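Numbering (UniProt numbering), first residue to last: 1 to 297.
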């Protein structure tokens, strides 16, 4: 299998074919250890998690019934906010120790899948490489050309969602939003990949909007992915920082998808309409979360 080809797979090395039990046990151990550590350290901060029990109950129902999947949509203001927030949702040891119960998430291939070691590490943690387009924030010039919404990694995520009882967490802003960009956050258009995941997965998955504030204070930027972990662990260990995580009301896009298909809308029009609706709901949740967070500062 070519280097390019195996990076699209959740299990990117021959290890899973030769020793499938070793791969699965390694994945379970990594997720349990890292998830438990992050969850423990998050509790050292002044954490306000809104609607957490209800969201944990929703996930439990998804796993138990396995008739639909769930796509959680989250803002991206820290290098590993995905891990900080999703680890809170694992409400028992069996969830953290079972890779099937932990979220799948597309991550930047140019950061997390740069070499064999990091590719294996992040794949063990249920991460899938996403090849995104990156532009210079000042000039707008394209720095990295992405593979679009029909890249193989998104095909894989859609196939997983169709199985039922699966959870995908996506960060549709496409990059870490920090500094001056935070003030213009409402102007940053969500990437259409989120619309594609929802539109092409049958049955249509439940959508869970999540907005967090304060997580960026424990996610300092660094030169490489392993410095992210080291600096982040130092910030997590200090504790005492106000963090607000708002789990919004679950959204059902099935009626919208069905109506658009009956009207003869193109696949592109459907995913754009869904993405716009997701962004609208997320911006409302953002305003609500910021108000709650500012009262705690």
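All residues carry an ideal CB built from backbone N, CA and C; glycine is no exception. Model, not experiment: these values are computed from the prediction.
- Contact between residue 103 and residue 169 is confirmed by a C-beta separation of about 4 angstroms, below the 8 angstroms threshold.
- The beta-carbon separation of residue 71 and residue 180, rounded to 30 angstroms, does not stay under the 8 angstroms limit for a contact.
- Residue 294 counts as exposed, since fewer than 16 other C-beta atoms from the protein chains shown sit within 10 angstroms of its C-beta.
- Contact between residue 107 and residue 130 is confirmed by a C-beta separation of about 6 angstroms, below the 8 angstroms threshold.
- Here the C-alpha atom of residue 178 lies approximately 15 angstroms from the C-alpha atom of residue 286.
- Note on geometry: alpha-carbon atoms of residue 161 and residue 46 lie some 34 angstroms from one another.
- Following the DSSP letters along the chain, one finds residue 106 inside the beta strand (DSSP E) bounded by residues 105 to 108.
- Under the 10 Å beta carbon count, residue 117 is surrounded by fewer than 16 other beta carbons and is classified as exposed.
- Nearest in C-alpha terms to residue 198, of all of 187, 176, 145 and 276, is 276.
- Sixteen is the threshold: when 16 or more other Cβ atoms of the shown chains lie within 10 Å of the Cβ of residue 112, as they do, the residue is buried.
- Per DSSP, residue 278 is one residue of the alpha helix (DSSP H) stretching across 267 to 294.
- Inter-residue distance for residue 64 and residue 280 is about 30 angstroms (C-alpha atoms, whole angstroms).
- Our two residues, residue 254 and residue 149, have alpha carbons roughly 20 angstroms apart in a direct line.
- For residue 44, there is no enclosing alpha helix (DSSP H), since its DSSP letter is neither H nor E.
- One alpha carbon belongs to residue 288, the other to residue 120, and they sit about 38 angstroms apart.
- In the three-state DSSP reduction, residue 72 falls in the strand class (E or B).
- Counting C-beta pairs closer than 8 angstroms gives three or more between the region 234 to 251 and the region 211 to 218, which meets the contact rule.
- Residue 87 and residue 37 have their C-alpha atoms spaced approximately 9 angstroms apart.
- Our two residues, residue 203 and residue 61, have alpha carbons roughly 16 angstroms apart in a direct line.
- Separation of residue 260 and residue 75 (C-alpha to C-alpha, rounded to the nearest whole angstrom) is 27 angstroms.
- Annotated three-state conformation of residue 143 is strand, per DSSP.
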